[in-house]
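When we follow the working numbering, the leftmost residue of the sequence shown carries the number 21, and every step to the right adds one.
Here is the structure we will look at.
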Amino acid sequence: MYGNAYIDPDKAPNSLVADEDPVKLAEFEARIAAGEKIEPQDWMPKEYRKQLIRMIEQHAHSEIIGALPEGTWITRAPGFRRKLALMAKVQDEVGHAQLLYSAAETLGKSREQMINDLITGKSKYSNIFNYPAETWADSAVIAWLVDAGAIINQTTNARGSYGPYVRALERICYEESFHLKYGHDNVVHLATGTKKQREMVQAALHRWWPPLMHFFGPADKISVHSEVLMKWKVKMASNDEMRQQFLDMYVPKIWDLELTLPDPELRKDEETGRWIYTEPDWEEFKRVINGDGPCNAERLAVRRMAEEKGRWVRRAILGEKAKYVKPFA
Ligand code: FAQ
């Protein structure tokens with residue numbers, strides 16, 4: 021599993037816990053095995069803390085950056101009702117980021133440091149938000165299928181081991197299920213509308229399919245962190261398992277609308293029950309998550325601007341206690 025392009029020798033699982041107290045480690049792992057929740061004040065291996073901060077922080081950044089592609093459609097939404105619904109959805113996503121930053125803070129990393137690592141490009145966030153929402157149909161596809169992917173990931177991991185993270189996920193999932201219904205309604209409206217509307221949603225689906233396949237993370241055979249995260253019940257299913265679940269639930273719904281997907285290999289193997297698909301382009305995935313996607317620079321520039329323009333608000337509320345992220349300190 022570790023003989024791949026993502027390897028970092030310091031991340032190999034055997035080196036992760038070598039300097040931990042073996043008795044405390046055994047007690048910790050017994051609690052996890054028994055399905056107990058680990059809380060912030062409990063003893064935990066350094067690697068568990070580090071992995072949780074990495075994953076929850078990336079998740080929080082994904083929500084806050086994830087507000088941007090759809091957010092660009094608020095001013096151009098077709099009609100007042102859809103505008104209101106989209107505004108509420110985008111606001112929810114930003115709220116999810118707040119919940120997740122709070123969960124990550126319980127592990128000892130400050131919010132200022134996390135925001136700093138986001139806007140300086142040190143931290144990652146989901147690949148999928150580095151693509152442009154070119155038409156209204158793109159915003160519909162995001163709200164349906166990206167939210168669907170997020171729900172699969174989050175309802176699964178909401179059964180995980182770290183208390184503050186699973187409680188945040190539970191709450192987020194309630195809101196995401198409204199987003200999914202809103203997105204499905206928009207896609208159905210377009211798919212059953214005029215010829216032009218149908219063409220728009222079909223084109224959007226083809227644009228978003230490759231990033232959606234990447235969304236669940238690299239294939240299990242090249243995933244770096246899955247093994248240790250699954251051992252400690254942070255991730256409750258592997259990347260490939262989540263991708264399979266997404267295909268199982270949503271490809272039939274897409275085909276029911278007589279929309280096509282841009283993968284000629286895509287089919288369900290009835291014997292194994294598993295979906296067969298063309299291997300996603302992992303080189304593109306790597307480029308995008310490392311800063312070289314179509315919108316990475318634009319997304320971070322917006323966040324930097326928000327940080328700079330919000331500075332006076334933090335100073336007005338917190339006075340001398342206001343902390344600033346580095347570029348604007
Ligand atoms: N994008 O070893 P693995 C949403 C990185 S929320 C970017 O397999 P892991 C709501 C990974 O960090 C969407 N980077 O990693 C919404 C690692 O790099 P590192 C976000 C990715 O952690 C909807 C390297 O590749 N959801 O959409 C991605 O075991 C609509 C090796 O990968 C979450 O964050 C990716 N897709 O598994 C908002 C859920 N995949 O750190 C607005 C929580 C992998 O070593 C509108 N996170 N990488 O430099 C997770 O479940 C996991 O972290 C995975 C990745 C499954 C994302």
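Just so it is clear, CB atoms sit at the ideal spot from N, CA and C, and this is done for glycine as well.
Predicted model, so just to flag it, every value in this text is computed and none were measured.
Query, Result
"With 16 as the cutoff for other CB atoms within 10 Å, does A349 come out buried or exposed?", "With a pLDDT of 46 at A349, under the threshold of 50, the modelled position of that residue is not reliable, and no figure is offered here."
"Among the residues of its own chain, which have a CB less than 8 Å from the CB of Q174, if the five just before and after it don't count?", "L189, I192, C193, E196"
"Look at R323 and I94 and say whether their C-beta atoms are less than 8 Å apart.", "no"
"Tell whether a beta-carbon distance below 8 Å holds between W295 and L277.", "no"
"Taking the beta strand (DSSP E) that R294 belongs to, which residues open and close that run?", "294-296"
"When you compare only the Cα positions, how much space is there between R218 and A157?", "9 Å"
"Taking the C-alpha atoms as reference points, what is the distance between R74 and R131?", "13 Å"
"Mind listing, in chain order, the continuous alpha helix (DSSP H) runs of no fewer than 4 residues lying wholly within the region 190-242?", "215-235"
"Given this structure, state the Cα-to-Cα distance separating S258 from T92, to the nearest angstrom.", "33 Å"
"Is it the case that the CB of L36 approaches a heavy atom of ligand 1 more closely than 7 Å?", "no"
"Taking the alpha carbon of K176 as the reference point, which residue from L106, K255, R227 has its own alpha carbon closest?", "Checking the displayed sequence, the identity of residue 176 turns out to be Thr instead of Lys. It is K255."
"Here's a check: name, in chain order, each residue in its chain whose Cβ is nearer than 6 Å to the Cβ of A87, leaving out the five neighbours to either side.", "V110, E113, V114"
"Do P152 and P314 have their C-beta atoms within less than 8 Å of each other?", "yes"
"Using a 10 Å radius around the Cβ and a threshold of 16 neighbouring Cβ atoms, would you call V161 buried or exposed?", "buried"
"So the candidates are K129, I242, H81; which of them puts its Cα closest to the Cα of W302?", "I242"
"Keeping to the same chain, check which residues put their C-beta closer than 8 Å to that of L149; ignore five residues upstream and five downstream.", "This sequence places Phe at residue 149; Leu is not what is there. Excluding residues within five positions, the ones whose Cβ falls inside 8 Å are S82, I85, G86, L88, P89, C315, R319."
"Between the alpha carbons of W275 and L104, how many angstroms are there, rounded?", "29 Å"
"For P29, which residues of its own chain have a beta-carbon under 6 Å away from its beta-carbon, when the five flanking residues on both sides are left out?", "The pLDDT assigned to P29 is 40, lower than 50, so where the model puts this residue is not dependable, and the model offers no usable value."
"Rounded to whole angstroms, what's the CA-CA distance from G141 to E290? Just pull it up for me.", "43 Å"
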